[in-house]
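Protein chains in written order, with this note's numbering: chain A, 2 to 220; chain B, 2 to 220.
Structure first, commentary second.
2 protein chains.
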Amino acid sequence: MERSLDHYLDELRHDLLRMGGLVEEMIGGAVQALVDRDDGLARAVIAHDRQVDLLEKQIDEAGNTSIVRFQPAARDLRFLVSVMKSATDLERMGDSAVNIAEAALVLVGEPPLKPYIDLPRLAALVREMVKESLDAFVQKDAARAIAVCRRDDEVDGLYKQLFRELLTYMMEDAKYITRALHLLLVARNLERIADHATNIAEDVVYYVEGRDIRHGGAG
Amino acid sequence: MERSLDHYLDELRHDLLRMGGLVEEMIGGAVQALVDRDDGLARAVIAHDRQVDLLEKQIDEAGNTSIVRFQPAARDLRFLVSVMKSATDLERMGDSAVNIAEAALVLVGEPPLKPYIDLPRLAALVREMVKESLDAFVQKDAARAIAVCRRDDEVDGLYKQLFRELLTYMMEDAKYITRALHLLLVARNLERIADHATNIAEDVVYYVEGRDIRHGGAG
Chain A
2 MERSLDHYLD ELRHDLLRMG GLVEEMIGGA VQALVDRDDG LARAVIAHDR
52 QVDLLEKQID EAGNTSIVRF QPAARDLRFL VSVMKSATDL ERMGDSAVNI
102 AEAALVLVGE PPLKPYIDLP RLAALVREMV KESLDAFVQK DAARAIAVCR
152 RDDEVDGLYK QLFRELLTYM MEDAKYITRA LHLLLVARNL ERIADHATNI
202 AEDVVYYVEG RDIRHGGAG
Chain B
2 MERSLDHYLD ELRHDLLRMG GLVEEMIGGA VQALVDRDDG LARAVIAHDR
52 QVDLLEKQID EAGNTSIVRF QPAARDLRFL VSVMKSATDL ERMGDSAVNI
102 AEAALVLVGE PPLKPYIDLP RLAALVREMV KESLDAFVQK DAARAIAVCR
152 RDDEVDGLYK QLFRELLTYM MEDAKYITRA LHLLLVARNL ERIADHATNI
202 AEDVVYYVEG RDIRHGGAG
């Protein structure tokens, strides 16, 4: 039996949410592994990445097939393009979570530095942005998506604060340098995840309203 | 007069190359500004980013319009999807070039560290990858695109070498830490640009051969 366009659209929405759920878990797990010095959890996060990669391929294929087969009208097409772009962003987030898990593995035997307190705060904010961007997608809620974009400044503020703090550690004693450097890269990866969540939120606005708010177009 | 699909495809190809040329220049300029401590050049690079952003929007719009209006067959559709994805990658490369130019501005008054010698080497390799990925696109040359993907390992090797070198500086004397940290972030940005060039190369293979070689699919 020939499947309908709606069938494809439903399946794509479902796969995107599944992918988003996986990536959220990976981000949370990677930071947890860092804080708890849990190398088993770090390895589990790294192992999950394959599933995320496969989901991206699957979404891309189903999206392209839908466009070729059904030649959808403007709004459905915007949905398809947005889903495929968002899948790419989620896949990159997965890579960032892997980077964090790898840092956790390196740091597993080291005594903690104080910024462990701020990193989970940054991580919680970033996860919230990921969740909100996907919820906005499902709800077709452009206002909610724009709120995600606005939170990016908070992330940048926290990142800069962490940067200064870690730099101070490095200056204080050379024995902190390696640890602080790894934590800095962790913070950098969290900041990149927030950027990708912002991209998804921008795609939501494009899908729902048909306008491009990137690069300051939000007014 | 109604414009044909071929007209759109030609224009998109042209805009993508123009965008690629701009981004290549930005990468080269940013690294040059760093090495020569040339704050005018760094500012010029940062100013160019707006043009790159506009070109991305323009390509996205023209791509979506072409799909809706002409409902193209498989190969033309793959071309359109690949062009839009590549434009996104080029836009991110532009952002990385801006990050490098900003680091150049910070470092403009500082005495140089030795790794300035290795950074331009990494930058030259990365620019070559950007150029090759776009040439492969225009020539529809999948083999050339796959060669770009393979060079990514070279970049990772050079990056790791630089990382170790900069870490050694930091350990040696606290007065090197800030400078070394900024150079580390420059190296990281160059490595990310190489990742984006690899993405474009993967899109070329998808466009030319209709197969997805991401995540180890190249065999």
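Just so it is clear, CB atoms sit at the ideal spot from N, CA and C, and this is done for glycine as well.
Fair warning: this is a prediction, and the values are worked out from it, not measured in the lab.
Considering only their Cβ atoms, is the gap separating residue j from residue i smaller than 8 Å?
| i | j | result |
| --- | --- | --- |
| residue 143/A | residue 210/A | yes |
| residue 146/A | residue 134/A | yes |
| residue 172/A | residue 98/A | no |
| residue 34/B | residue 43/B | yes |
| residue 94/A | residue 24/A | yes |
| residue 91/A | residue 53/A | yes |
| residue 46/B | residue 120/B | no |
In terms of residue numbering, what span does the alpha helix (DSSP H) encompassing residue i cover?
| i | result |
| --- | --- |
| residue 101/B | 75-108 |
| residue 121/B | 119-140 |
| residue 37/A | 6-37 |
| residue 72/B | Taken as a continuous stretch (DSSP letters only), residue 72/B belongs to no alpha helix (DSSP H), as it is neither H nor E. |
| residue 154/A | 143-173 |
| residue 192/B | 178-210 |
I'd like to know if residue i contacts chain A, where contact means its C-beta is closer than 8 Å to some C-beta of that chain.
| i | result |
| --- | --- |
| residue 115/B | no |
| residue 215/B | yes |
| residue 82/B | yes |
| residue 147/B | no |
| residue 94/B | no |
| residue 168/B | yes |
| residue 101/B | no |
Does any residue of chain B have a CB that is nearer than 8 Å to the CB of residue i?
| i | result |
| --- | --- |
| residue 220/A | With a pLDDT of only 38 at residue 220/A, under the threshold of 50, the placement of this residue in the model should not be trusted; the figure read from the coordinates follows. Chain B contact via Cβ: absent. |
| residue 172/A | yes |
| residue 179/A | yes |
| residue 78/A | yes |
| residue 75/A | yes |
| residue 175/A | yes |
| residue 182/A | yes |
Legend entry - Interfacial residues, the segment 57-71 of chain B to chain A, with Cβ spacing under 9 Å: Cβ contacts with chain A: 57, 58, 61, 62, 64, 65, 68, 69.
Inset, instruction - Would you be able to state if there are at least three C-beta pairs under 8 Å between the segment 154-173 of chain B and the segment 192-203 of chain B? - result: Note that the segment 192-203 of chain B touches the segment 154-173 of chain B; at least 3 beta-carbon pairs, one per stretch, sit closer than 8 Å.
Inset, instruction - Would you check if there are 3 or more beta carbon pairs closer than 8 Å linking the segment 64-76 of chain A to the segment 73-92 of chain B? - result: Taking a contact to require three or more Cβ pairs closer than 8 Å, the segment 64-76 of chain A and the segment 73-92 of chain B qualify as touching.
Inset, instruction - Assess, as a yes-or-no matter, whether the segment 104-121 of chain A is touched by the segment 106-124 of chain B under the definition of 3 or more beta carbon pairs within less than 8 Å. - result: No: the two stretches stay apart, fewer than three of their Cβ pairs being nearer than 8 Å.
Inset, instruction - Could you tell me whether the segment 50-61 of chain B touches the segment 81-90 of chain B, where touching means 3 or more Cβ pairs closer than 8 Å? - result: Taking one beta carbon from each stretch, the segment 50-61 of chain B and the segment 81-90 of chain B have 3 or more pairs nearer than 8 Å; the two touch.
Legend entry - the segment 172-181 of chain B touching the segment 174-183 of chain A, judged by at least three CB pairs closer than 8 Å: Flag = yes, the segment 172-181 of chain B and the segment 174-183 of chain A touch.
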